[in-house]
Each structure stands twice: as structure tokens, then as C-alpha cells.
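Have a look at the structure below before the remarks.
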Amino acid sequence: MSISAHESGKRQSDGAQISPVPRISVQAFCETAEVARVIEQAAEDRRMSKAHVKVHMGGVAAAVEAFRTAPTPNLIVLEFRVDRATLVAQLEELSEFCDSGTKVVVIGHENDIALYRDLVSRGVSDYIVAPLDILTFIQQVSNLYHLPGADALGRVIGVIGAKGGVGASCISHNLAWSISNVLDYQVVIADLDLPFGTAGLDFNQDPPQGMAEAVFSPDRLDSNFVDRLLSKCSETLSILAAPATIDKNYDLGETAFDPIIDLLRGAAPCAVLDIPHLWNGWTRRVLIGVDELVVVASPDLANLRNAKTLIDAMRSARPNDRPPRLVLNTVGVPRRPEIAVAEFAKAVELEPAAVIPFDPKLFGTAANNGQMLAEVEPSSKIVESFDDLGVALMGKTSARRQKKTLLGPLLERIVGKKAS
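Under our numbering, think of the first position of the sequence shown as 205, with each following residue one higher.
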């Protein structure tokens, strides 16, 4: 058994901040149906999709019998209801059969710091007090495989359109720009639309390499390789552009984007995935695996149907996450019959996180110039909507905006003279 240096106890966690559990084998031996149910439900969560989990009943005694003749997994989870002396004796017996590197987590029903210290001194990795919830259990397992003090994993935000042509790529690119500027975070935009991606166009970039090289060379992937593939758009924003060519078929496997997304998660505080409007194995896997999901739709019937289908599917597949964020785009097109925002929200059972009005001049100018909306008209209410959405997606409370005053330019000149 090995020792983990983090405190035990029941903790509520922000699900988007929990690091995914690596490819490990986990066997749990429970005494109560409640704890067994929590572990089984946790095993179905996207953060534990790589782990192989088995749940047994019988507690520590069953674990001892199971591993007399079988190799131990990477992690053993034990629930106990016996007295302390019996528990210690059973753990001592179990330790005789534990392989090197196996971690042990004990779940008890007493909030006893003395017991915790005693268990840790005997090689137990952690002691958790029941009752526990799904995210608390996942957090505890995740902590065992991510060293204390290590850099936190970045937040991955996925953006997809409920229908083709609703402006999801434009939304994702401007959203990333807002996060990088308002919060001063390093942000990477990953364009997953290999044949028709527009990230290069929107930022007036023509990088020779990008997403295709990352996807088709998984054996070469490391931080240095990705750095060479990134195209820098500003001090805080880079893109991993799509080739936007159709000289080959992009018949990708379900896990095709897993290596690059895992690498991006640890390479920057925020990665924004521009996901094409497709439905296949890899798009479903990417949508389920992101920390935050944004669904972009226009206010018409086809978008309403598709948005509801997608949002309902993600609610079911991601039961322990926040529901997707809905962005209604191109609202208020003259003479176009539209579904009212309130009616759209009622039908999908989700209030829009942002409502972007129809503004062909602003969007058209930005698109034709290869600029972001904030570069064309920084004081626009639409830009403010992107800022607020970006702040919310990153788990912050407010955007740090500096109000303009009449004396602002004069003060800036005075400060500049003093500095020089």
C-alpha cells in the first residue's frame, strides 16, 4: 500500500475542476448498498471513463478472500462497519497480498481524525467519511493520481451548433478571445472541423501545420510538438487550425481526439474546442468529455428540435455536470418569422446563457477582415455578452472591466511620462 498526502473527509467539488482519472483498475468492496450505488454511478461519469471499476459486497473480509489468489488492482476501495481492532487486523492481513503500487482507500462511518492518522500510518492512502456523493468520490480518486501542488488542469470548453450554419465557429472564436482578454488567461482554440474549419480565416492566419498533424501523429504528441503546431494570434491566444482541405477522407476513430485534448488540458488554463455539426463516435465522445458545453442555435423550428435533442442527450450522458449552456444567435433578423426567446427556452427547459442579436455589419466586417468582434467594435453590447459568458464558463463571478472616463487618456499619458 502507498500513502497519499491529502486530507480525508467529505468535500463538495466543482465538477469541471476535477482532473480525469487515468487508466487504472479499481475494485470496491462495500458493506452498504448506498456506498455501492455511489461508486457504481461514479464509474459511469465521464471523468472515470478510462478507469475499469468493479463493485463487490462484503467489505474488507471479502477483499482479503478475493486477493489471496488474485493480483490486486491499482486501487482497492474498502467500506467497513466493524470495530477498529477488527478493521486493523483485516487490513494487516490484506497487506500481505497487496502488490507493490496498489493504493487502498477506506470508507468509514465515523469522522475520527485519530482513526484517519492510524490508517495512514499503516499505508492506507485515504480515509473517506460516509455518506459521500458522486463528485466527492471521484475527486478523492483523482487526487490519488495527481500530485499535490501540481498545476491544475485547464478547463476544456466545447462549442457546437444545433444546426449547420448557425455561427457556432464564430461564437467559439469570439468566446475564446474574450476569455483570453478579459481574464488574461492563456487560451488555445482547437478547430476539430478538419475539412472545413474556419479558425485560420477568422484570425487571418494560414499556418502550415495544425490539428491534422496532431490527430494523425499521436505517437509524436508531447508539449513541444504541440507548441510547434500552434499559431499565435495574440500574447494570450493561440489556435490549432484545421487544414481545411478535402484531399483525404477524415474517417476518424472514436478516440481520435483524446490524446490532443488530454495534452491541451494540461498545456493551458483554457482550451476552446470548435466542434463541427456532426454526429458520430468521436463527436459524441468529445461532447461528453468536455468540462463545459455550449450549444449554439438560431430561433427557428429545426434549431429548436435539434437543440432539445442534443441538450437532452447531454443531460442524460453527463448527469453530474452542469447542463449545456444555450446561446441563441442571429436573433431579430428583419421580416424573418422567429420563435420567441422565452418560448425557445421553455421548450428546451434551459434559459439562454447569451442572446446574440442580428448585426450583419459588425459580424460581416469582422469576418471579412479576419478580426474578432472586440477588435472591430470593443464597446458593443454583443462583445460584453461574450465577456460575461466567458467569465461564467471559467467559473468566475464577474469580468474585470475598466470603465472609461474623460480623464482616462490624460492619466495614461501622465503615468507613461513618469514611467519613462
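Cβ coordinates follow ideal geometry from the N, Cα and C atoms, glycine included. Keep in mind it's a predicted model, so treat the numbers as computed, not measured.
Verify the contact flag: residue i, CB atom, against every heavy atom of the ligand FAD, threshold strictly below 7 angstroms.
i: L379; result: Absent from the structure shown: the ligand FAD. Ligands present: none.
Exposed or buried, what is residue i when buried is set at 16 or more other beta-carbons lying within 10 Å of its beta-carbon?
i: K307; result: buried
i: W381; result: buried
i: A471; result: buried
i: W486; result: buried
i: D451; result: exposed
i: K622; result: Annotation note: pLDDT 43 at K622 (below 50); position unreliable, no value reported.
i: G493; result: buried
i: T459; result: exposed
i: E248; result: exposed
i: R522; result: buried
i: A511; result: buried
i: S427; result: exposed
i: P538; result: exposed
i: F420; result: exposed
i: N484; result: exposed
i: A446; result: buried
i: P582; result: exposed
i: Q343; result: buried
i: E235; result: buried
i: Q221; result: exposed
i: G312; result: buried
i: D591; result: buried
i: R321; result: exposed
i: R251; result: buried
Classify residue i as helix, strand or coil using the three-state DSSP reduction.
i: N510; result: helix
i: T340; result: helix
i: N347; result: helix
i: A558; result: strand
i: V309; result: strand
i: V363; result: strand
i: D355; result: In this prediction, D355 has a pLDDT of 49, which is less than 50 and means its spatial position is unreliable; what the coordinates show is noted afterwards. Coil.
i: V281; result: strand
i: C302; result: coil
i: Q575; result: coil
i: M598; result: coil
i: E581; result: coil
i: P224; result: coil
i: P541; result: coil
i: S325; result: helix
i: D462; result: helix
i: R272; result: coil
i: N378; result: helix
i: G568; result: helix
i: S253; result: coil
i: E248; result: coil
i: G371; result: coil
i: E588; result: helix
i: V242; result: helix
i: V552; result: helix
i: V286; result: coil
i: G263; result: helix
Which residue or residues does DSSP assign as beta-bridge partners of residue i?
i: K258; result: Q231
i: Y331; result: V310
Can you check whether the CB of residue j is closer than 8 angstroms to the CB of residue i?
i: I338; j: A246; result: yes
i: L444; j: A394; result: yes
i: R469; j: G358; result: yes
i: I543; j: I560; result: no
i: G574; j: F407; result: yes
i: D303; j: P275; result: yes
i: L477; j: I361; result: yes
i: R529; j: L505; result: no
i: M598; j: L387; result: yes
i: F233; j: V264; result: yes
i: P527; j: Y454; result: no
i: L433; j: V392; result: no
i: S325; j: V309; result: no
i: I363; j: S376; result: Correcting the residue type first, residue 363 is Val in the shown sequence and not Ile. Cβ distance < 8 angstroms, so V363 and S376 count as in contact.
i: A366; j: V500; result: yes
i: A448; j: G404; result: yes
i: V268; j: A240; result: no
i: C437; j: F567; result: no
i: V535; j: P564; result: no
i: H481; j: G368; result: yes
i: A418; j: I464; result: yes
i: F341; j: V225; result: no
i: S636; j: H256; result: Not covered by the structure: residue 636. The range shown for the chain is 205 to 624.
Are the C-beta atoms of residue i and some chain E residue less than 8 angstroms apart?
i: A571; result: Here chain E cannot be found, since the structure has a single protein chain.
Considering only residues of the segment 383 to 459, which uninterrupted beta strand (DSSP E) runs meet the minimum length of 3 residues and lie entirely inside it, listed in chain order?
391 to 395, 441 to 444
Which whole runs of the alpha helix (DSSP H) in the segment 464 to 534 are 4 residues long or more, in chain order?
485 to 493, 505 to 521
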